[in-house]
Every structure is written in C-alpha cells, then in structure tokens.
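Undergrad: As given, the protein sequences belong to chains D and R, one line each in that order. Start counting at 1 in the first sequence, then tack on 16, and there's your number in this note's numbering. Start counting at 1 in the second sequence, then tack on 219, and there's your number in this note's numbering.
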Amino acid sequence: MTLMKHFLGATTALAASACAALADPALIYDLGGKFDKSFNEAAYNGAEAYAEATGGSYRDIELQSEAQREQALRRFAEAGFNPVVTTGFSMSSPIASVAADYPDTKFVTIDGFVDPEEHPNVKSILFSEHEGSYLVGMMAAMASETGTVGFVGGMDIPLIRKFACGYAQGAKAVNGDVTVISNMTGTTPAAWNDPVKGSELTKAQISQGADVIFAAAGGTGLGVLQTAADEGIYSIGVDSNQNHLHPGSVLTSMLKRVDVAVEEAMTAGADLETGVEVLGLAEDGVGVAVDENNEDLVTEEMMAAVEEAKASIVAGDTEVHDYSSDDSCPALSF
Amino acid sequence: MDFATILQVLDSTVRLATPLLLACLAGLFSERSGIIDIGLEGKMLAAAFLSAAIAATTGSVWWGLLAGIVGASLMSGIHGLASITFRGNQLISGVAINFLASGLTVLIAQDWFGQGGRTPSLMGGGRFESITLPLAETLRPVPVLGPIYAELISGHSILVYVAFLMVPATWWVLFRTRFGLRLRAVGEAPEAVDTAGVSVIGLRYAAIAICGLLCGLAGAYLATGLQAGFVREMTAGRGYIALAALIFAKWRPWYALYACLLFGLLQAVALRYQSIDLGGVVIPVQVMDALPYILTVVILAGFVGKAIPPRAGGEPYVKER
Chain D
17 MTLMKHFLGA TTALAASACA ALADPALIYD LGGKFDKSFN EAAYNGAEAY
67 AEATGGSYRD IELQSEAQRE QALRRFAEAG FNPVVTTGFS MSSPIASVAA
117 DYPDTKFVTI DGFVDPEEHP NVKSILFSEH EGSYLVGMMA AMASETGTVG
167 FVGGMDIPLI RKFACGYAQG AKAVNGDVTV ISNMTGTTPA AWNDPVKGSE
217 LTKAQISQGA DVIFAAAGGT GLGVLQTAAD EGIYSIGVDS NQNHLHPGSV
267 LTSMLKRVDV AVEEAMTAGA DLETGVEVLG LAEDGVGVAV DENNEDLVTE
317 EMMAAVEEAK ASIVAGDTEV HDYSSDDSCP ALSF
Chain R
220 MDFATILQVL DSTVRLATPL LLACLAGLFS ERSGIIDIGL EGKMLAAAFL
270 SAAIAATTGS VWWGLLAGIV GASLMSGIHG LASITFRGNQ LISGVAINFL
320 ASGLTVLIAQ DWFGQGGRTP SLMGGGRFES ITLPLAETLR PVPVLGPIYA
370 ELISGHSILV YVAFLMVPAT WWVLFRTRFG LRLRAVGEAP EAVDTAGVSV
420 IGLRYAAIAI CGLLCGLAGA YLATGLQAGF VREMTAGRGY IALAALIFAK
470 WRPWYALYAC LLFGLLQAVA LRYQSIDLGG VVIPVQVMDA LPYILTVVIL
520 AGFVGKAIPP RAGGEPYVKE R
C-alpha cells in the first residue's frame with residue numbers, strides 16, 4: 017500500500033512538472049557536447065542569454081548517441097515544450113520524421129534543412145559560412161609570410177567543405193598566388209573529437225609551409241590550435257570566439273552567431289515564424305572576432321580590407337561561391 | 220617526395236605508433252595469459268583523463284603519469300575481478316570497461332573542472348617536453364644520417380623512448396624468464412601450470428597489472444605528451460587499432476612493433492596526403508584509414524600465415540576436483 021502511495025505521489029509530481037514546463041523552450045545539443053568551446057557552446061550561451069533577459073527557463077539535453085535524436089525530440093514535444101531548438105545538421109532528418117506527429121509544436125533546426133512546404137511547423141536556420149570563411153581567409157592570406165595557408169576540417173561533409181571553399185576564395189582574393197592546403201580529419205563522427213590527429217595534420221601542414229591554419233573541426237580543432245601555439249604560427253578558431261584559448265596565436269575566430277539564433281527562437285516562443293532563414297554577413301549571422309586577445313595581431317590594414325569585403329558582399333558586388341549549391345569549388349579541389 | 224618529406228612522415232609515424240605500441244604490448248601480456256582484453260580503449264581513456272586531470276591540478280606531469288597508471292590499473296583490476304575471480308565473460312567485461320571509461324571520464328571531468336568534459340589546458344611542467352638527444356644539433360650537418368638522428372630519433376617525449384624499450388623488455392620477460400614461461404603457459408594450458416603448483420589466478424592478475432601499467436603509459440602519452448589536456452573520447456578508436464595490431468602481430472612482441480609502426484605509417488601517410496595518385500589510380504583517404512582493419516581481416520582469414528591465439532584465451536580457469 018505504501019508502495020502504491022509512492023507511485024501515486026511520483027505520478028502527481030511528474031504531472032505537475034510537465035504542466036509547469038508548458039510552453040517553455042527546449043534545446044537539444046548535438047553529439048559534440050554542450051561545452052565544446054565551439055558550436056554547441058554558442059547555442060548554450062544563446063539559451064542562457066534568453067533565460068537572463070526574459071527570466072524564463074528552458075530545458076536542454078546533450079545527446080550521447082545517434083539513437084537518442086528522435087527520442088529526445090518526441091520527449092520534449094510530448095512534454096509540451098515549444099519551440100524545440102536543435103543544433104547540428106544531423107537533426108534535420110529526425111525532425112522531418114517527427115514534425116508531422118506534433119503539429120502544434122515548433123521545431124527549429126540550426127544548420128539543418130527541412131522542407132518548409134512539407135513540414136510547416138519547422139524552422140530551418142542556415143548560416144552563410146562561406147561568407148564568414150571568406151573574411152578569415154583574407155585575414156589568413158594577409159597574415160601569412162610564407163604565402164601558404166592551411167585548413168583543417170573535421171568530418172568530411174558538404175558543410176565543412178563550404179567552410180574550406182569560402183576560406184580558399186578569401187585567401188586567393190587577397191593574394192592570387194597563395195597556396196591553400198586543405199585536410200579533413202576523417203569520415204566518421206570520431207573526426208570531431210580527435211585532437212591528436214588534429215595536431216599531426218597541423219604539423220604536416222606546417223612542414224608544407226603553412227603559417228596560418230583555420231580549424232573547422234570541433235574538438236579536433238583544439239589540437240590544431242594547441243599545436244599552432246606550440247609551433248609559433250597563427251591559427252583561426254571557429255563558431256564561438258576561440259581567441260582566448262591561446263592569446264597571441266589565435267589570429268581570429270570565424271563567428272557563427274548560433275547564440276543569437278537560439279536566443280531569438282526561444283524569445284519568440286510558440287509564435288515563432290517558421291520557414292527557412294539564412295543568416296549571412298548582412299544579418300550579422302557570421303563574422304570575425306576581434307577582442308583584447310587578438311587586437312595586437314590584427315592590423316588596421318586587415319580590418320580595412322575585411323570591412324571593405326564585407327560591405328561588398330552585403331551589397332552583392334562580391335559573390336562568394338557556396339560549395340553546397342553545386343558541390344564544387346572553384347578555388348580548391350578536394 | 221623528397222628526403223625531408225619522408226623524414227617528416229616517419230617522424231609523424233613514430234608519434235602515432237607510440238600509443239598503439241604501448242596499448243598493443245599491454246594487450247599482449249593480458250592475452251598471452253589467457254585474458255582477452257578488448258577494454259584497452261577504455262583503459263587508455265581512463266589513463267588519459269586522470270593523467271591530464273592530475274597534471275593540471277598539481278602542475279607536475281610525473282604525478283599525472285602516476286595517476287594515469289593508477290587509473291588504468293583500476294580499470295584492469297575491475298576486468299580481472301570480473302573475468303578471473305568471478306569467471307565472467309571476458310568480452311563482456313571488456314566492453315563494459317570501455318563504456319564505463321567513456322561515461323565516467325566525461326562525467327568526472329565536468330564535475331571537477333566544469334569545462335564540458337575537458338580538462339584545462341596543461342602548461343609548462345604539466346606536459347612531457349620533447350627531449351633533444353645529445354649531439355643532435357652537432358650531428359645535423361652530417362648528410363643523411365645527421366637529419367635522421369636529429370629529426371627522427373631525437374626530439375620525442377620520454378614516453379616514446381620508453382615505449383620502444385618496452386619491446387625488447389617484453390620479449391625478454393616473456394621468452395627468457397621463468398615468469399614469462401609460466402605466463403605463456405597459463406594462456407595455453409592453465410591446468411598444467413596448476414599441476415606444477417603455480418597459482419593460475421596469481422599469474423593472470425600479474426599479467427593484468429602489467430597491462431594496466433602499459434595502458435596507463437599509453438593514455439598519459441596521448442593526453443600529456445601529444446596533447447595538452449584531455450578531450451572526451453580522445454582515444455578515438457586507438458585501443459581497437461592496437462587490438463588489430465596484436466592479432467596482426469600474432470601475439471609476438473617484435474612483430475607487434477612492426478605492426479604498430481606499419482599502422483602508424485598508414486595513418487601518417489593518410490594525414491599527409493588526402494588522396495594518393497598512383498599513376499592514374501587514385502586511392503582515397505578512406506582506404507588508408509580502413510587498411511589496418513582490412514589487413515587484420517586478411518590475416519585472420521588465413522591468407523598470410525595463420526594467427527593462432529593463445530589456446531586458453533577467453534576461458535576462465537576452473538580447478539578440477
């Protein structure tokens with residue numbers, strides 16, 4: 017009998033918490049983990065900013081395996097969370113299969129794409145990474161003394177090639193003779209968390225003459241930044257501002273304002289407008305990071321060139337080729 | 220490909236082969252005594268985490284190394300308890316070790332440092348510095364041999380030299396000492412060892428302890444030698460490649476060295492050249508990444524010699540009454 021009471025008590029408590037959670041937003045991090053100092057951490061910062069600004073609360077979960085994607089989506093949707101914000105391109109297909117079952121819940125996929133015609137309750141937020149990468153590519157080519165710059169990608173997927181392609185175009189815009197070395201860490205998700213390989217790739221690129229290396233590789237990138245600092249060359253961080261990791265060695269970071277996207281989606285709540293949104297330079301969705309850690313490295317000349325290119329891209333005078341538009345890159349062969 | 224490039228690739232090979240070699244020798248001791256060990260990955264991971272965590276807290280890499288060895292030995296101890304004392308299934312126990320390490324390291328790291336399952340970056344005395352061997356700079360101008368000595372042989376962290384010295388040491392222990400003879404015997408015919416009045420359990424625990432020590436060195440090298448801190452899942456499957464190398468080497472120490480160097484070379488080449496053009500035929504990088512496993516399957520299938528594992532491997536020993 018006492019056991020029964022316990023069960024009943026637990027059920028009421030659960031029901032109460034489910035009610036309290038009604039219309040709170042939820043956030044699902046991708047496999048890289050909440051504190052990856054990069055992409056997912058930016059999402060976390062956005063959620064924290066939302067909580068601070070509105071006094072609201074939110075729930076989040078770090079995925080541990082592929083199998084949890086759909087499960088987490090359904091859990092949050094059934095518990096009444098709205099909107100359910102997710103990070104990472106891998107979430108788009110689970111969302112596409114779940115969205116129709118919860119028509120009243122809004123889903124947000126950052127970096128992923130879900131057809132808005134088919135699923136009217138999904139918002140896809142995409143970033144123009146090629147534009148941001150173009151700008152850091154320019155800075156890399158200007159900072160390089162050897163005329164060789166490097167790129168280290170994580171898992172070999174179109175999104176990462178988009179980074180590499182924009183980077184190469186930017187570097188070549190500054191210096192037509194620049195050599196761009198591009199390496200991918202691997203073809204499995206383990207490529208996001210292998211700093212040892214990141215280090216070796218960095219050493220290999222340094223021996224080929226690279227003296228500025230852009231890492232778009234999640235946890236692997238930490239190995240790239242570390243080795244660049246050890247070997248006394250410049251590196252470029254990605255997604256979050258990584259300038260503070262090795263002050264004096266990280267030239268800049270290619271910012272992807274995932275935090276802003278998350279904060280805006282959460283603030284809009286259940287009234288979120290769905291559809292596809294592309295955040296580029298014009299919307300300040302991507303950009304370069306300058307703070308006290310790298311202000312000595314970035315010359316005025318660099319900033320002027322970057323500002324000029326940015327204005328030109330926003331105005332539509334300079335067009336940066338998007339790798340994902342036709343799976344090819346004019347400035348770099350993979 | 221010029222001489223300098225070859226040297227750089229070989230240099231990278233040595234760095235990449237070292238954790239494989241230490242883990243492979245660890246597996247060698249364990250499997251030669253009849254304890255199948257697929258938990259190498261988990262032990263390395265535990266050691267990598269503890270060595271980085273302690274090195275970050277104390278500022279001394281030596282305390283870190285010690286902590287790494289203790290961590291890997293604890294994992295080994297759990298494996299031993301489950302598979303020797305309680306006669307459980309060794310494969311399942313090994314898998315459990317891998318999962319345990321994968322989850323525990325991130326959990327403890329998050330609770331301890333609050334940096335998302337990472338340890339803080341190690342500075343100065345918290346890392347193994349590379350050692351310049353005597354006369355490295357003096358001999359550098361000597362053609363061919365000078366650069367080989369200065370680039371390839373000199374300039375690694377101490378654990379690399381320890382790892383390579385472990386190969387003759389392992390050979391000597393296994394094939395030239397009484398302990399080694401008994402250890403090999405316990406993996407082939409434990410009942411014979413028991414009849415001779417030597418403790419099977421004791422020998423197997425000794426092998427497991429050595430396995431923990433070597434895995435500890437491997438993990439510490441990853442986190443404090445090659446890198447400056449722990450990142451979740453940073454072993455990235457090296458424990459499994461080491462296991463493949465062990466089978467490839469047919470459970471023999473010198474062959475283990477060659478197998479690990481070969482696998483290290485494959486990785487180094489794959490990292491250096493994304494795709495290799497062999498006169499019209501382009502080998503994509505994925506093939507290079509998969510080669511260690513393909514080679515192991517070829518060996519297991521019996522195309523190149525025969526890989527015969529220790530006979531009593533995987534069998535818990537039950538004394539006859």
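We put the CB at the ideal spot given by N, CA and C, even for glycine.
#1: Taking contact to mean at least 3 C-beta pairs separated by less than 8 Å, is the segment 349–364 of chain R in contact with the segment 243–254 of chain D?
#2: Would you mind sorting Ser341/D into buried or exposed? The rule is 16 or more other CB atoms within 10 Å of its CB.
#3: Would Ala447/R pass as an interface residue toward chain D - the criterion being a Cβ-Cβ separation below 7 Å?
#4: CB of Asp508/R to nearest heavy atom of the ligand GTP: below 6 Å?
#5: What did DSSP end up calling Lys272/D once you bin it into helix, strand or coil?
#6: Could you check what DSSP says for Pro503/R in three-state terms: helix, strand or coil?
#7: If you draw a straight line from the C-alpha of Gly456/R to the C-alpha of Glu260/R, how long is it?
#8: Hey, is Glu452/R's beta-carbon within less than 7 Å of any beta-carbon in chain D?
#9: Measuring only the C-alpha atoms, how far is Ala428/R from Leu422/R?
#10: So, is the C-beta of Ser302/R closer than 7 Å to a C-beta in chain D?
#11: I need the boundaries of the alpha helix (DSSP H) containing Phe92/D, first residue and last residue.
#12: Would a check of beta-carbon distances place Gly170/D closer than 7 Å to chain R?
#13: What are the residues in the segment 204–235 of chain D lying within 8 Å of chain R by C-beta distance?
#14: Quick check on this structure: which residue in Lys219/D, Asp172/D and Phe123/D has the alpha carbon closest to the alpha carbon of Gly239/D?
#15: For Ser140/D, tell me which candidate among His260/D, Leu47/D and Ala277/D has the shortest Cα-Cα distance.
#16: Taking contact to mean 3 or more Cβ pairs, one atom from each stretch, closer than 8 Å, check whether the segment 157–168 of chain D and the segment 122–142 of chain D are in contact.
#17: Do you know offhand how far Val306/D's Cα is from Arg234/R's?
#18: Establish whether the CB of Leu480/R and some CB of chain D are separated by less than 7 Å.
#19: Hey, could you find the ends of the beta strand (DSSP E) Val228/D is sitting in?
#20: Can you list, in chain order, the residues of its chain whose CB lies under 6 Å from that of Tyr118/D, leaving out five sequence neighbours each side?
#21: Excluding the 5 residues preceding and the 5 following Ala463/R in the sequence, name in chain order all residues of the same chain whose CB lies nearer than 7 Å to its CB.
#22: Which residues of chain D have a Cβ atom closer than 7 Å to the Cβ of Arg491/R, listed in chain order?
#23: Quick one: is Gln334/R near chain D, going by C-beta distance under 7 Å?
#24: In the segment 37–66 of chain D, which residues sit with their C-beta less than 8 Å from some C-beta in chain R, listed in chain order?
#25: Which partner residues of Leu295/D appear in the DSSP bridge assignment?
#26: Considering only residues of the same chain and omitting the five flanking positions on each side of Phe179/D, which have a CB-CB separation below 6 Å?
#27: Given Val314/R, which residues of its chain have a CB within under 7 Å of its CB, disregarding the five upstream and five downstream residues?
#28: Residues in the same chain with beta-carbon distance under 6 Å from Ala26/D, minus the five sequence neighbours each way, listed in chain order, please.
#29: Pair every Cβ in the segment 379–396 of chain R with every Cβ in the segment 358–368 of chain R, then say whether three or more of these pairs are closer than 8 Å.
#30: If we ignore side chains and look at the alpha-carbon of each, how far apart do Thr351/R and Ala437/R end up?
#31: Starting from the beta carbon of Ala455/R, find every residue of chain D whose beta carbon is closer than 8 Å, and list them in chain order.
#32: Name the two residues that bound the continuous alpha helix (DSSP H) containing Asp230/R.
#33: Within 7 Å (strictly less), CB to CB, does Ser231/R reach chain D?
#34: Run through the DSSP bridge pairs and tell me what Val254/D is partnered with.
#35: Would Ala29/D be called buried (16 or more neighbouring beta carbons within 10 Å of its own) or exposed?
#36: Can you give me, in chain order, the residues of the segment 249–260 of chain D that have a beta carbon less than 9 Å from any beta carbon in chain R?
TA: This is what the structure gives:
#1: no
#2: Position 325 of the first sequence, counted from the start, is the residue given in the question as residue 341/D. With fewer than 16 other Cβ atoms within 10 Å, it is exposed.
#3: Counting from 1 along the second sequence, the entry for residue 447/R is found at position 228. Yes, its Cβ sits closer than 7 Å to a Cβ of chain D.
#4: In the structure shown, the ligand GTP is absent, as is every other ligand, since no ligand is present at all.
#5: For this step, residue 272/D is matched to residue 256 along the first sequence. The answer is strand: DSSP assigns Lys272/D an E or B state.
#6: The count along the second sequence starts at 1 and reaches residue 503/R at position 284. It is a strand residue.
#7: One-based indexing of the second sequence puts residue 456/R at position 237. One-based indexing of the second sequence puts residue 260/R at position 41. One C-alpha to the other measures close to 7 Å.
#8: Within the second sequence, the letter at position 233 stands for residue 452/R. Judged by the 7 Å Cβ criterion, Glu452/R is in contact with chain D.
#9: On the second sequence, position 209 is the one that residue 428/R refers to. On the second sequence, position 203 is the one that residue 422/R refers to. If I take the Cα positions, the gap works out to 10 Å.
#10: For the purposes of this step, residue 302/R is identified with residue 83 of the second sequence, where counting begins at 1. Chain D, which has no Cβ nearer than 7 Å to the Cβ of Ser302/R, makes this no.
#11: Numbered from its first residue, the first sequence carries residue 92/D at position 76. Where Phe92/D is concerned, the enclosing alpha helix (DSSP H) stretches over Gln84 to Glu94.
#12: Translated into the one-based positions of the first sequence, residue 170/D becomes position 154. Cβ-Cβ to chain R under 7 Å: no for Gly170/D.
#13: Ala206, Asn209, Asp210, Pro211, Val212, Lys213, Ser215, Glu216, Leu217, Lys219, Ala220, Ser223 and Gly235
#14: Translated into the one-based positions of the first sequence, residue 239/D becomes position 223. Selected option, being the one with the closest Cα: Lys219/D.
#15: For the purposes of this step, residue 140/D is taken as residue 124 along the first sequence, with counting starting at 1. Taking only the C-alpha atoms, the option nearest Ser140/D is Ala277/D.
#16: no
#17: If you number the first sequence from 1, residue 306/D lands on position 290. If you number the second sequence from 1, residue 234/R lands on position 15. Straight-line Cα distance between these residues: approximately 35 Å.
#18: What you label residue 480/R is simply residue 261 of the second sequence in a count that begins at 1. No - not a single Cβ of chain D is within 7 Å of the one on Leu480/R.
#19: Taking the first residue of the first sequence as 1, we reach residue 228/D at position 212. Run containing Val228/D: Val228 to Ala232, per the beta strand (DSSP E) assignment.
#20: By 1-based counting over the first sequence, the position of residue 118/D is 102. If we look at Tyr118/D and ignore the five residues flanking it on each side, its Cβ neighbours are Ala93.
#21: As a position in the second sequence, residue 463/R is number 244, starting the count at 1. These residues qualify, in order along the chain: Pro511, Tyr512 and Thr515.
#22: The residue given as residue 491/R occupies position 272 in the second sequence. Those within 7 Å of Arg491/R in chain D are Ala220.
#23: Within the second sequence, residue 334/R is the residue found at index 115, counting from 1. Yes, because at least one Cβ of chain D sits closer than 7 Å to the Cβ of Gln334/R.
#24: Gly49, Lys50, Phe51, Asp52, Lys53 and Glu57
#25: Taking the first residue of the first sequence as position 1, residue 295/D is located at position 279. Per DSSP, Phe143/D.
#26: Here the question's residue 179/D lines up with position 163 in the first sequence. Here the set comprises Glu145, Ser149 and Ala232.
#27: The residue labelled residue 314/R in the question sits at position 95 within the second sequence. The residues are Ile257.
#28: One-based indexing of the first sequence puts residue 26/D at position 10. Because Ala26/D carries a pLDDT of 49, less than 50, the predicted location of this residue cannot be relied on, and no value is offered for it.
#29: no
#30: To locate residue 351/R, count along the second sequence from 1; it is residue 132. To locate residue 437/R, count along the second sequence from 1; it is residue 218. Going by the C-alpha atoms only, they are around 21 Å apart.
#31: Taking the first residue of the second sequence as position 1, residue 455/R is located at position 236. The answer, in chain order, is Ala206, Asn209, Asp210, Val212 and Lys213.
#32: Residue mapping note: residue 230/R aligns to position 11 of the second sequence, counting from 1. Asp230/R -> alpha helix (DSSP H) spans Phe222 to Arg251.
#33: For the purposes of this step, residue 231/R is identified with residue 12 of the second sequence, where counting begins at 1. Ser231/R counts as touching chain D.
#34: Reading the first sequence from its first residue, position 238 is the one you call residue 254/D. Answer is Met270/D, bridged to Val254/D.
#35: Walking along the first sequence from the start, residue 29/D turns up at place 13. Only weak support is given to the placement of Ala29/D: the predicted model assigns it a pLDDT of 46, under 50, and the value that follows is read from those uncertain coordinates. Exposed, by the Cβ-count rule.
#36: none
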